[in-house]
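Colleague: First the structure, which I've put down as structure tokens, then a few questions once you've had a look.
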Amino acid sequence: MNKTLQELADYLGGQLTGDPFVGISGLGTLETATAGQITFLANLKYAHKVKTTGASAVILPPKTDPFGRPAIVVDNPYLAFAKLLALFTARPRVARGIMAGASVDESSVIGKEASVYPGTFIAEGVHIGDRVTLHPNVTLYEGVVLGDDVTLHAGVSVREGCRIGDRVTIHNGTVIGGDGFGYAPDGHSWCKIPQVGNVVIEDDVEIGANATVDRAALETTRIGRGTKIDNLVQVAHNCTIGEDCLIVAQTGIAGSVKLGRHVTLGGQVAIVDHAVIGDNAMISGQSGVFGSVAPGEVLSGTPAIPHQARLKSAAVFPHLPEMRKSLTRMGNRLTRIEELLEPPRIVSLVD
Amino acid sequence: MNKTLQELADYLGGQLTGDPFVGISGLGTLETATAGQITFLANLKYAHKVKTTGASAVILPPKTDPFGRPAIVVDNPYLAFAKLLALFTARPRVARGIMAGASVDESSVIGKEASVYPGTFIAEGVHIGDRVTLHPNVTLYEGVVLGDDVTLHAGVSVREGCRIGDRVTIHNGTVIGGDGFGYAPDGHSWCKIPQVGNVVIEDDVEIGANATVDRAALETTRIGRGTKIDNLVQVAHNCTIGEDCLIVAQTGIAGSVKLGRHVTLGGQVAIVDHAVIGDNAMISGQSGVFGSVAPGEVLSGTPAIPHQARLKSAAVFPHLPEMRKSLTRMGNRLTRIEELLEPPRIVSLVD
Amino acid sequence: MNKTLQELADYLGGQLTGDPFVGISGLGTLETATAGQITFLANLKYAHKVKTTGASAVILPPKTDPFGRPAIVVDNPYLAFAKLLALFTARPRVARGIMAGASVDESSVIGKEASVYPGTFIAEGVHIGDRVTLHPNVTLYEGVVLGDDVTLHAGVSVREGCRIGDRVTIHNGTVIGGDGFGYAPDGHSWCKIPQVGNVVIEDDVEIGANATVDRAALETTRIGRGTKIDNLVQVAHNCTIGEDCLIVAQTGIAGSVKLGRHVTLGGQVAIVDHAVIGDNAMISGQSGVFGSVAPGEVLSGTPAIPHQARLKSAAVFPHLPEMRKSLTRMGNRLTRIEELLEPPRIVSLVD
Numbered sequence: 025m026n027k028t029l030q031e032l033a034d035y036l037g038g039q040l041t042g043d044p045f046v047g048i049s050g051l052g053t054l055e056t057a058t059a060g061q062i063t064f065l066a067n068l069k070y071a072h073k074v075k076t077t078g079a080s081a082v083i084l085p086p087k088t089d090p091f092g093r094p095a096i097v098v099d100n101p102y103l104a105f106a107k108l109l110a111l112f113t114a115r116p117r118v119a120r121g122i123m124a125g126a127s128v129d130e131s132s133v134i135g136k137e138a139s140v141y142p143g144t145f146i147a148e149g150v151h152i153g154d155r156v157t158l159h160p161n162v163t164l165y166e167g168v169v170l171g172d173d174v175t176l177h178a179g180v181s182v183r184e185g186c187r188i189g190d191r192v193t194i195h196n197g198t199v200i201g202g203d204g205f206g207y208a209p210d211g212h213s214w215c216k217i218p219q220v221g222n223v224v225i226e227d228d229v230e231i232g233a234n235a236t237v238d239r240a241a242l243e244t245t246r247i248g249r250g251t252k253i254d255n256l257v258q259v260a261h262n263c264t265i266g267e268d269c270l271i272v273a274q275t276g277i278a279g280s281v282k283l284g285r286h287v288t289l290g291g292q293v294a295i296v297d298h299a300v301i302g303d304n305a306m307i308s309g310q311s312g313v314f315g316s317v318a319p320g321e322v323l324s325g326t327p328a329i330p331h332q333a334r335l336k337s338a339a340v341f342p343h344l345p346e347m348r349k350s351l352t353r354m355g356n357r358l359t360r361i362e363e364l365l366e367p368p369r370i371v372s373l374v375d
Numbered sequence: 025m026n027k028t029l030q031e032l033a034d035y036l037g038g039q040l041t042g043d044p045f046v047g048i049s050g051l052g053t054l055e056t057a058t059a060g061q062i063t064f065l066a067n068l069k070y071a072h073k074v075k076t077t078g079a080s081a082v083i084l085p086p087k088t089d090p091f092g093r094p095a096i097v098v099d100n101p102y103l104a105f106a107k108l109l110a111l112f113t114a115r116p117r118v119a120r121g122i123m124a125g126a127s128v129d130e131s132s133v134i135g136k137e138a139s140v141y142p143g144t145f146i147a148e149g150v151h152i153g154d155r156v157t158l159h160p161n162v163t164l165y166e167g168v169v170l171g172d173d174v175t176l177h178a179g180v181s182v183r184e185g186c187r188i189g190d191r192v193t194i195h196n197g198t199v200i201g202g203d204g205f206g207y208a209p210d211g212h213s214w215c216k217i218p219q220v221g222n223v224v225i226e227d228d229v230e231i232g233a234n235a236t237v238d239r240a241a242l243e244t245t246r247i248g249r250g251t252k253i254d255n256l257v258q259v260a261h262n263c264t265i266g267e268d269c270l271i272v273a274q275t276g277i278a279g280s281v282k283l284g285r286h287v288t289l290g291g292q293v294a295i296v297d298h299a300v301i302g303d304n305a306m307i308s309g310q311s312g313v314f315g316s317v318a319p320g321e322v323l324s325g326t327p328a329i330p331h332q333a334r335l336k337s338a339a340v341f342p343h344l345p346e347m348r349k350s351l352t353r354m355g356n357r358l359t360r361i362e363e364l365l366e367p368p369r370i371v372s373l374v375d
Numbered sequence: 025m026n027k028t029l030q031e032l033a034d035y036l037g038g039q040l041t042g043d044p045f046v047g048i049s050g051l052g053t054l055e056t057a058t059a060g061q062i063t064f065l066a067n068l069k070y071a072h073k074v075k076t077t078g079a080s081a082v083i084l085p086p087k088t089d090p091f092g093r094p095a096i097v098v099d100n101p102y103l104a105f106a107k108l109l110a111l112f113t114a115r116p117r118v119a120r121g122i123m124a125g126a127s128v129d130e131s132s133v134i135g136k137e138a139s140v141y142p143g144t145f146i147a148e149g150v151h152i153g154d155r156v157t158l159h160p161n162v163t164l165y166e167g168v169v170l171g172d173d174v175t176l177h178a179g180v181s182v183r184e185g186c187r188i189g190d191r192v193t194i195h196n197g198t199v200i201g202g203d204g205f206g207y208a209p210d211g212h213s214w215c216k217i218p219q220v221g222n223v224v225i226e227d228d229v230e231i232g233a234n235a236t237v238d239r240a241a242l243e244t245t246r247i248g249r250g251t252k253i254d255n256l257v258q259v260a261h262n263c264t265i266g267e268d269c270l271i272v273a274q275t276g277i278a279g280s281v282k283l284g285r286h287v288t289l290g291g292q293v294a295i296v297d298h299a300v301i302g303d304n305a306m307i308s309g310q311s312g313v314f315g316s317v318a319p320g321e322v323l324s325g326t327p328a329i330p331h332q333a334r335l336k337s338a339a340v341f342p343h344l345p346e347m348r349k350s351l352t353r354m355g356n357r358l359t360r361i362e363e364l365l366e367p368p369r370i371v372s373l374v375d
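Have a look at this one:
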């Protein structure tokens, strides 16, 4: 694909500076882009690299120096780059139909232009929308519902009765609707609480590889519209995850947690069961959240406290041994002074 | 299914109060149950909700107010609820036989009333008990042994020579018997220690989705009877997990650890290799256990210390910066006092 | 297999003491080995067990007492044990060919002596070397390249365009080349950054079960020669992992991290994005690394600090509450002394 810089500026709704007829055939980073490619400046720290990049054009934020290069000025260069990358790398989707080696129950309904690869199994009463791609070795249990334009990568399992919206992509090996972890103590043993709810994944969600989202005990575990979940994340039963959240790899969300909208959880975070996390809260990587979090809070550490306070305390942590010694020494100095000012009277008492 | 309250009281061995002929056709929570459903009170904090629930009957612990409602009184309402939920949601198991698209080596032995779904592979010398369900795309390597009433969900792998007892359920994508992580240093490179042991999973174990239990180097990695393991848990080679343990999601247990009976590990816990964890110990979520733990201990934090002590220290942690400043200020005050009491003689020394 | 002790000493290049004709047919640990087996002493702490072991011979480090037993003396007994274990447990590989139930696109090229099991799917344009074993339900997307002597266990996925070197083993359920987690903010929603790079895994790498290695956004995520990765590890997009690293279970490495050679990461470690970790650095289990690490550093904790310093601070942590009380008490003692020395003049000021 080859576009002029003017065509790209029009596509992005950006402002062009320099030669509008520069031909662009691909994208690269500031460091690696070559002639014929366009690059972008997202972090002003690297503004000087615009001067030396090998790219033929640059996407810039407002009020930055193009160093004489052809440029497109937009408010959010990173977003513009994402859009151009999608434009340049999109490949037309080919519908393969239901391929030999797939097993599809005759009671299931599959929409138009599907691709169902070998080794994929579709049980009774499954309903699938249009333009769905089911890569090899996917398993859809009975009663699963998939919307339009869903892509499930190889090895994904969707358990009985779970529902997935439109334009959802789930990467390899992820399990939707495994049983929640619920047992009642029965003497020294554990009696299983049947997990008879389901999972609902709303539109435009993307979930990484080898993640797990458990079915609710009685009702629904819900992943809100537009939320993005990374690899190896655990979402336990009965959770409600709001819209447009970002949940980074290896994070674990315990049972019945409610996340608001646009919450960000860094990698390896743990959220205790029944916590309520407010809109726009941010929890930094490896934090442990043992209670609810107000909207907009930025927390870190285990147990999580406000991020700035935690940075300050963490900076003191390596000084604890010297602080403890200092305390002991000061105690001794104090005792000496006190004795000087008020000599001990124990001797006189036994006089 | 429809039962009278009397029938349910008899089934649970509980004591009925109120109309024995109330008809019950399902279960719900205190908040969401409707007419015809039974609910339960497990946490006395919610006792007032018994008054307002829409349920037709309530399972109560002894000495709680039924607010005039039909009720069944039992010692453990949560357990009773679990039993009724199982009763009401049980579906008769249908044996599907070995379905087209499954691959079964002719040297393998499969018991009565099996369901073996398409895409499932059974290698040489596998022995399988009665009433086993192998969902799609399960892989059993050579010499695997499964007991009666085992359910393996889609995508489970059981590696060569591993043995699984009766009534074991393993959820999707879990791997039993992958190689342990063992290498000997060989100059700057690593020489693999062959992992030639196996895994034994005893009766009544349940394991969640995408978990991993590694085969022993020489002998056996063992999961004790009745233990329940959540999603994405790692059990390394040579571990012995006792009976009736609960291991919550994303916990990692390093090599050669021994867990006693009825140990509880919260989510994202790490246990160092060769640790011995006593019976009934409890380790709270995200803790790191770097040594052995006595029976009944309740630990938290990294490194894990007694839970109550850790809560107290964690409460002081945010005050570290002010403590450090306070130490400096006190040091200055002390110096000033000391100078006041014993003026410095340095000058006189050089006189 | 049966070998004389002399044959084994020759094989290992070790020095024999005692009867060279002792017959050895297997291996065991110091505690469990029986007649006809050889065992090894790796940790001098257990040197006394050489006296009581039931083994017929022992592999010893230099200058240890054989207690009169036949022995082979080598510099690294653990490595020698690994080599003998491989020797005694090796089974000849049988090429099964492409088995019924596998799906192989006709445009793909498969080398000599392959074993491709049922349920395995090989897409267009895949190139596979000699003596490769693809267990059941493996999925290779289009354009994947595998070297010679590669083993992919059941359920592994290798995504489009990824390349795997010679003698690589990947255990069950692991996903190579899932999309990196990259989104640009677009108002309150998230716009996906297409992930159009790939993953390259160099020779002699081994990766455990249910791990994930994400494809790069634009270029290559690389795992260096000889590196060993444990179960459930996450390697994010654009990372470069050096040669001969050890990465223990459940560790997460964020985007664009560079690991040097021979780096060791304990279990459940987190490395922040863009960090550079120097050669031979060691990070202990559950640590959080929030910046770059110099070669050879040994760090632990979150945020990670030098390991010895962290042990000392962690030992003080349980004393924080008493330290805080002590500070308050000392402040009071100081005030009292100050008042004694310089009585408050506030009253006199208002005189």
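Residue numbers (the numbering used here), protein chains in the order written: chain A, 25 to 375; chain B, 25 to 375; chain C, 25 to 375.
Note that CB positions come from ideal geometry on N, CA and C, so glycine has one too.
All values derive from a computational prediction rather than experimental measurement.
Of all the residues that make up the region 347-358 of chain C, which are near chain A by a beta-carbon distance shorter than 8 Å?
Modeller: Met347, Ser350, Leu351, Met354, Arg357 and Leu358
Colleague: Jot down the residue ranges of each uninterrupted alpha helix (DSSP H) in the region 105-149 of chain C, minimum 4 residues, whole runs only, in chain order.
Modeller: none
Colleague: What does a CB cutoff of less than 6 Å around Lys75/B pick up in its chain, not counting 5 residues either side in sequence?
Modeller: In the second sequence, residue 75/B corresponds to position 51, counting from 1. Answer for Lys75/B: Phe91, listed in chain order.
Colleague: Is the CB of Ile122/A under 9 Å away from at least one CB in chain B?
Modeller: In the first sequence, counting from the first residue as 1, residue 122/A sits at position 98. Closer than 9 Å: no.
Colleague: How should Arg117/B be labelled, buried or exposed, when 16 other C-beta atoms within 10 angstroms of its C-beta is the threshold for buried?
Modeller: Mapped onto the second sequence, residue 117/B falls at position 93. Classification for Arg117/B: exposed.
Colleague: Buried or exposed: where does Met354/C fall if 16 or more other Cβ atoms within 10 Å of its Cβ makes it buried?
Modeller: Indexing the third sequence from 1 puts residue 354/C at position 330. Classification for Met354/C: buried.
Colleague: Classify Ala305/C: buried if its beta carbon has 16 or more other beta carbons within 10 angstroms, exposed otherwise.
Modeller: On the third sequence, position 281 is the one that residue 305/C refers to. With 16 or more Cβ atoms within 10 Å of its Cβ, Ala305/C is classed as buried.
Colleague: Three or more C-beta pairs closer than 8 Å, one from the region 286-293 of chain B and one from the region 254-272 of chain C: is that the case here?
Modeller: no
Colleague: How would you list, in chain order, the residues of chain C whose beta-carbon sits under 8 Å from the beta-carbon of Ala436/B?
Modeller: Look at the range of chain B in this structure, 25 to 375, and you will see that residue 436/B is not part of it.
Colleague: If I follow the unbroken alpha helix (DSSP H) through Gln332/C, where does it start and stop?
Modeller: Along the third sequence, read from residue 1 onward, the residue named residue 332/C stands at position 308. Run containing Gln332/C: His331 to Val340, per the alpha helix (DSSP H) assignment.
Colleague: Short check: CB of Glu20/A to CB of Ile361/C, under 9 Å?
Modeller: With chain A covering only 25 through 375, there is no way to say anything about residue 20/A.
Colleague: Three-state secondary structure (DSSP) at Asp381/A?
Modeller: No answer is possible for residue 381/A: the residues shown for chain A start at 25 and end at 375.
Colleague: With a threshold of 9 Å between beta carbons, is Phe205/B in contact with chain A?
Modeller: What you label residue 205/B is simply residue 181 of the second sequence in a count that begins at 1. So, not an interface residue.
Colleague: Of all the options Gly60/C, Leu54/C and Ala79/C, which has the alpha carbon lying nearest to the alpha carbon of Lys459/C?
Modeller: Only positions 25 to 375 of chain C appear in the structure, and residue 459/C is not among them; the question remains open.
Colleague: Across which residues does DSSP place Arg376/B in a beta bridge pair?
Modeller: Outside the displayed span of chain B (25 to 375) sits residue 376/B, for which this structure offers no information.
Colleague: Tell me, please, whether the CB atom of Tyr165/C is closer than 9 Å to any CB atom in chain B?
Modeller: Taking the third sequence and counting its residues from 1, one reaches residue 165/C at position 141. Closer than 9 Å: no.
Colleague: Please confirm whether His177/A has its beta-carbon closer than 9 Å to some beta-carbon of chain C.
Modeller: In the first sequence, the residue the question calls residue 177/A occupies position 153. True, the Cβ-Cβ gap to chain C drops below 9 Å.
Colleague: Helix, strand or coil: which one does DSSP assign to Ile343/C?
Modeller: Here residue 343/C refers to the residue found at position 319 when the third sequence is read from its first residue. The residue you asked about is not Ile; residue 343/C is His in the sequence shown. Residue state, collapsed to three classes: helix.
Colleague: Can you tell me the Cα-Cα spacing of His177/A and Asp297/C, whole angstroms?
Modeller: For the purposes of this step, residue 177/A is taken as the residue at position 153 of the first sequence. For the purposes of this step, residue 297/C is taken as the residue at position 273 of the third sequence. His177/A and Asp297/C have their alpha carbons spaced roughly 26 Å apart.
Colleague: Sort Met347/A, Val237/A, Gly197/A and Thr251/A by Cα distance to Asp303/A and report the nearest one.
Modeller: By one-based count along the first sequence, residue 303/A stands at place 279. Answer by Cα proximity: Thr251/A.
Colleague: Note down, in chain order, each residue of its chain lying with its Cβ closer than 7 Å to the Cβ of Pro342/B, except the 5 sequence neighbours on either side.
Modeller: For this step, residue 342/B is matched to residue 318 along the second sequence. Closer than 7 Å at Cβ, skipping near neighbours: no residue.
Colleague: Please state whether DSSP places Arg360/C in a helix, a strand or coil.
Modeller: Walking along the third sequence from the start, residue 360/C turns up at place 336. Arg360/C: helix per DSSP, three-state reduction.
Colleague: According to DSSP, is Lys349/C part of a helix, a strand, or is it coil?
Modeller: Start at 1 with the first residue of the third sequence, and residue 349/C comes out as number 325. Looking at Lys349/C - three-state DSSP - the assignment turns out to be helix.
Colleague: DSSP on Gly232/A, reduced to helix/strand/coil?
Modeller: Here residue 232/A is taken as the residue at index 208 of the first sequence, counted from 1. Reduced to three states, the DSSP call for Gly232/A is coil.
Colleague: I need the straight-line Cα distance from Thr113/C to Pro218/B, nearest angstrom please.
Modeller: Here residue 113/C refers to the residue found at position 89 of the third sequence. Here residue 218/B refers to the residue found at position 194 of the second sequence. Rounded to whole angstroms, Thr113/C to Pro218/B spans 8 Å at the Cα level.
Colleague: Helix, strand or coil: how does DSSP classify Leu365/A here?
Modeller: Within the first sequence, residue 365/A is the residue found at index 341, counting from 1. The answer is helix: DSSP assigns Leu365/A an H, G or I state.
Colleague: Does Lys87/C come out as helix, strand or coil in the three-state DSSP assignment?
Modeller: Locating residue 87/C in the third sequence gives position 63, counting from the first residue. Coil.
Colleague: For the alpha helix (DSSP H) that contains Val74/A, what are its first and last residues?
Modeller: Looking up residue 74/A in the first sequence gives position 50. Element bounds for Val74/A: Lys73 to Thr76.
Colleague: Less than 8 Å between the CB atoms is what I'm expecting for Leu170/B and Gly153/B, so what's the real figure, rounded?
Modeller: One-based indexing of the second sequence puts residue 170/B at position 146. One-based indexing of the second sequence puts residue 153/B at position 129. Yes, they are in contact, since the Cβ atoms of Leu170/B and Gly153/B sit about 6 Å apart, within 8 Å.
Colleague: Helix or strand or just coil, what does DSSP make of Gly50/B?
Modeller: Along the second sequence, one-based indexing puts residue 50/B at 26. Strand, per DSSP.
Colleague: According to DSSP, is Gly320/A part of a helix, a strand, or is it coil?
Modeller: For this step, residue 320/A is matched to residue 296 along the first sequence. In the structure shown, Gly320/A sits in coil (DSSP, three-state: anything other than H, G, I, E or B).
Colleague: Counting only beta-carbon separations shorter than 9 Å, does Thr264/C have a partner in chain B?
Modeller: By one-based count along the third sequence, residue 264/C stands at place 240. It does not; no Cβ of chain B falls within 9 Å.
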